[in-house]
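Residue numbers (this note's numbering), protein chains in the order written: chain A, 110 to 499; chain B, 85 to 532.
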């Protein structure tokens, strides 16, 4: 360990202040701090600090994502082989998925971290760890057959416009991963929706019904899957959004480690259930022919991107509401609008992405009113005091 | 009727190296120093300008430029050795070489309950005890011209390894009570005394004060929390706070006529050798209490782990400090230390570590355990902030210098020390206490 440390210190010499490559110090430091927690000590104030840092927090999210990612990789192969009607083993499915998904992850990290490093060097600050999560989330919510260059452009858009334009990590209004997906969705709709994009290589074979369940419902067709497979995730969809089971496993990690807000996750599901129930009630009496509306509310919770969105996207602390009460309202409205958009938007029956982006924009407003509550209490106290003394 | 406060939110940090409850006299310090920086907000004007002048114990050395009645007196009799100055002739330290036998300034003996309020106040300030009072808002030395709406004393120490006020004051019961009697004359309202709810102590029987029985984790023992829970400060109001040892000094001054600068200092922390209480005087040399240490390996903190100042061998102890804490420096690298659930010997209140499950006290060091980052994680600060304050929002208002927002979010109610727990827990490693201090200083210049 000491040997590696010494070697690293030697490598870092030209990057020290006043040396030749001083400007590139943030880039080198970012790599160094991945090996070692730096030797920084407290200067004043609290002389002792908690063991946690942003790297640890972000890595915890990455760990929470892994179950859904691994299932997603396997499911990519599973969907491919079953739709083609071919014989396959577990490893075949997994390998097929890995060949498709791993390059997407590499492209996403390469492009995103490249931009992050460039900005860190340009602005002279350290590289923030936020992209470790974003970079993994982006491929996980894309359809498997999306060309790699589209992934690259979406990532670049998300990092540049969605994040750096606002001032970098901690300042962005929209969730960067969803910004990437929304960009891809509006820029290349043919690659992001329809009945051919959800199953790997489906475009090359005719007669495959690779539609998502929501797509099927929007088209007014019968759904061929039961609730159990919807919950476990043996259905077509974006790479990692299909398995509610594995997403909930990730949710458990987030909640137990307190890295993700359980308030947002719980209220998100409640909001979706409430909206689902309302539409179920209306559907049976008013809109009898809308099959999305008549789709049972509990099934709404386990298909599409709802679970993935609520668990991994809505809980992004930067773009979510920051106050305790605000989190309840924010989460609830994401679920509520998510189902509403899903049902009323026939062109693209996946509402959760738009619902989260919408609530990202409104999160500061929600916080504003919660903060006003605190301020009003203080002002009321002052008023009472003034009355008493006068 | 005592007031009961049960604080739920806060931080319980069990650290290794508590001071044992035995008391010994410290070695006699050769020099004593008064450090103007210990009184944030005070601009010193020297009364005795010539180095080499003899001073008595209790003789005023300097006063506040903007508050002439607030004086700082010499804790010992001796010679004014040096007035150490920094850039732009700012006074850094006033050092006195102590005599063998002390000669005291003699003041009148007064019975506080029978003395006129103005006379008593002048007497206390004239004798140099005015500097013990701090004013909220802003956490600065109190102004003798003001009459506060209440005076708060907290005799409940919740900081990790904190010195026990009950033990320190045990032998000065009468002086403490006399001091409390004096405080009642300085305010229009009440004198509040915060005590440990779960302890059997003579402090509970203190007369002429409203007893607040407090329980819960740090910062429950901070006066700021007790003020907020019992009689919060509104805009335009002033509250004074004073530490319990200093109340006893006032009491002793009134009954004996002498300014007795005695301090009981707890030596604690995992790197301390002789962990116990020492009696010495205000401003004594640190090395008269502890042996010299290698400061590359051990940090000397003049004060507690949350709010103390870094000290070096040869420095003098802070004016208000009742502790010297010695903990290891954390200037080493930790390979892959950012992995969740690794290095569980470092205390963490976050669930990304198993540290919470540990029952043994922690040997903590001064490592930042990371690097400063943008504010990302939300909700963690609220869990250690028992006051009705939105910590993150207030800190952001301080960062941007938004005066209206700071006022609205309760800047008048807080002092830097109330944000020590926030500083400890936050993932982004920001210096919360420093930010609050800057915010308060901005308020002083803009609002006054």
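Even for Gly, the Cβ is constructed at its ideal location relative to N, Cα and C. Being a predicted model, the structure only gives us computed values, none of them experimental.
{"Query": "Does the count of Cβ pairs from the stretch 178-185 of chain B and the stretch 198-211 of chain B closer than 8 angstroms reach three?", "Result": "no"}
{"Query": "Using a Cβ-Cβ cut-off of less than 8 angstroms, give me the residues of the stretch 150-166 of chain A that come near chain B, in sequence order.", "Result": "150, 151, 152, 153, 154, 155, 156, 157, 158, 159, 160, 161, 162, 163, 164, 165, 166"}
{"Query": "Answer with yes or no whether the minimum CB distance from residue 231 of chain B to chain A is below 8 angstroms.", "Result": "no"}
{"Query": "Distance check for residue 295 of chain A and residue 463 of chain B, CA to CA, integer angstroms please.", "Result": "34 angstroms"}
{"Query": "Since residue 383 of chain B and residue 156 of chain A are thought to touch, with beta carbons under 8 angstroms apart, how far apart are those beta carbons, to the nearest angstrom?", "Result": "7 angstroms"}
{"Query": "From which residue to which residue does the alpha helix (DSSP H) around residue 138 of chain A run?", "Result": "134-144"}
{"Query": "With distances taken Cα to Cα, identify the nearest neighbour of residue 350 of chain A among A:467, A:180, A:207.", "Result": "A:180"}
{"Query": "Can you grab the Cα-Cα spacing for the pair residue 247 of chain A / residue 287 of chain A, in whole Å?", "Result": "8 angstroms"}
{"Query": "Does the CB of residue 368 of chain A have a neighbour CB from chain B at under 8 angstroms?", "Result": "yes"}
{"Query": "List the residues of chain C that residue 484 of chain A touches, going by C-beta distances under 8 angstroms, in chain order.", "Result": "Although the question refers to chain C, the structure presented lacks it and instead comprises the protein chains A and B."}
{"Query": "Where do the ends of the beta strand (DSSP E) carrying residue 360 of chain B lie?", "Result": "360-365"}
{"Query": "Does any residue of chain B have a CB that is nearer than 8 angstroms to the CB of residue 137 of chain A?", "Result": "no"}
{"Query": "Out of curiosity, what's the CA-to-CA distance linking residue 385 of chain B and residue 208 of chain A?", "Result": "57 angstroms"}
{"Query": "Tell whether a beta-carbon distance below 8 angstroms holds between residue 129 of chain B and residue 146 of chain B.", "Result": "yes"}
{"Query": "Have a look at A:469, A:494, A:357 and flag the residue whose alpha-carbon is nearest the alpha-carbon of residue 282 of chain A.", "Result": "A:469"}
{"Query": "For residue 445 of chain A and residue 380 of chain A, which I take to be in contact (beta-carbon distance under 8 angstroms), what is that distance rounded to the nearest angstrom?", "Result": "4 angstroms"}
{"Query": "List the residues that DSSP assigns as beta-bridge partners of residue 447 of chain A.", "Result": "DSSP lists no partner for residue 447 of chain A."}
{"Query": "Is it right to say residue 158 of chain A is buried, meaning 16 or more other beta carbons lie within 10 angstroms of its own, or is it exposed?", "Result": "buried"}
{"Query": "Which whole-angstrom value is the C-beta distance of residue 430 of chain B and residue 160 of chain A, which I expect to be below 8 angstroms?", "Result": "4 angstroms"}
{"Query": "Here's the rule I'm using: 16 or more other beta-carbon atoms within 10 Å means buried, otherwise exposed. How should residue 493 of chain A be labelled?", "Result": "exposed"}
{"Query": "Whole beta strand (DSSP E) runs in the stretch 175-222 of chain B with 3 or more residues, listed along the chain?", "Result": "175-182, 218-220"}
{"Query": "Whether or not the stretch 488-501 of chain B and the stretch 201-215 of chain A are in contact is what I'm after, with contact meaning three or more pairs of Cβ atoms, one per stretch, closer than 8 angstroms; do they touch?", "Result": "no"}
{"Query": "Pull out every residue of the stretch 412-443 of chain A whose Cβ sits closer than 8 angstroms to any Cβ of chain B, in chain order.", "Result": "426, 427, 429, 431, 432, 433, 436"}
{"Query": "For a quick check, are the C-beta atoms of residue 468 of chain B and residue 529 of chain B less than 8 angstroms apart?", "Result": "no"}
{"Query": "Go through its chain and collect everything with a Cβ distance to residue 206 of chain B's Cβ below 7 angstroms, but skip five positions before and after it.", "Result": "none"}
{"Query": "Anyone know if the C-beta pair for residue 255 of chain A and residue 300 of chain A falls short of 8 angstroms?", "Result": "yes"}
{"Query": "Does the distance from the C-beta atom of residue 408 of chain B to that of residue 357 of chain B stay below 8 angstroms?", "Result": "no"}
{"Query": "What residue range does the beta strand (DSSP E) around residue 401 of chain B cover?", "Result": "Element bounds for residue 401 of chain B: n/a, residue is neither H nor E."}
{"Query": "Look at the Cβ atom of residue 95 of chain B, then the Cβ atom of residue 508 of chain B, and state whether they are nearer than 8 angstroms.", "Result": "yes"}
{"Query": "Would you kindly check if the distance between the Cβ of residue 103 of chain B and the Cβ of residue 364 of chain B is under 8 angstroms?", "Result": "no"}
{"Query": "For residue 275 of chain A, which residues from the same chain have a beta carbon less than 8 angstroms from its beta carbon, with the 5 sequence-adjacent residues on both sides left out?", "Result": "281, 282"}
{"Query": "Any C-beta of chain B sitting closer than 8 angstroms to the C-beta of residue 374 of chain A?", "Result": "no"}
{"Query": "Looking at the secondary structure, which residues open and close the beta strand (DSSP E) in which residue 297 of chain B lies?", "Result": "294-299"}
{"Query": "With a Cβ-Cβ cutoff of 8 angstroms, do residue 279 of chain B and residue 256 of chain B count as a contact?", "Result": "no"}
{"Query": "Anything in chain A within Cβ reach of residue 394 of chain B, meaning under 8 angstroms, just list it in chain order.", "Result": "152, 153, 156"}
{"Query": "With which residues is residue 162 of chain B paired in a DSSP beta bridge?", "Result": "B:139, B:182"}
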